[in-house]
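Shown next, in structure tokens, is the structure this report addresses.
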Amino acid sequence: IRTRIARQWLAKLGFSWVEVRKGMYIDGHECPAVVQDRVEFLERLQELASYIVEFDSAGKIKEKVYREGCEVGGLNPPIILITHDESTLSSNEGRA
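So this is what it looks like as structure tokens:
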């Protein structure tokens with residue numbers, strides 16, 4: 003497949019072809035600093051596990067025993083994790 007054809011198909015599917023600009027993050031998921039940050043993040047997440055609200059596949063809050071003092075409006079409120087899928091294709095989606 004030629005580059006021109008690939009670009010035409012990207013356009014038909016609503017995507018756009020862009021050259022990678024200097025400074026754009028491409029890879030490095032396994033470099034030592036990233037691995038260390040991931041380890042520290044997971045350790046901290048484990049510490050907070052008894053405060054984290056869990057949901058079932060239907061989106062309903064699961065029954066769970068929370069740590070003592072974990073209450074809405076308290077000093078140690080429940081935590082609702084909000085995540086995103088990192089497969090974002092373009093930060094300017096929808097722009098003409």
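Counting in the numbering used here, the sequence shown runs from 3 upward without gaps. Glycine is no exception: its CB is placed at the ideal position from the N, C-alpha and C atoms.
- Distance from the CA atom of T5 to the CA atom of G16, rounded to whole angstroms, is 17 Å.
- Judged by their CB atoms, Y53 and P80 are nearer to each other than the 7 Å cut-off.
- Between K66 and E73, the gap from beta carbon to beta carbon reaches 7 Å or more.
- A straight-line Cα-Cα distance of about 6 Å links D58 and K64.
- Separation of A13 and T85 (C-alpha to C-alpha, rounded to the nearest whole angstrom) is 29 Å.
- Scanning H31, Y68, I82 and G75 for the CA closest to the CA of G61 turns up I82.
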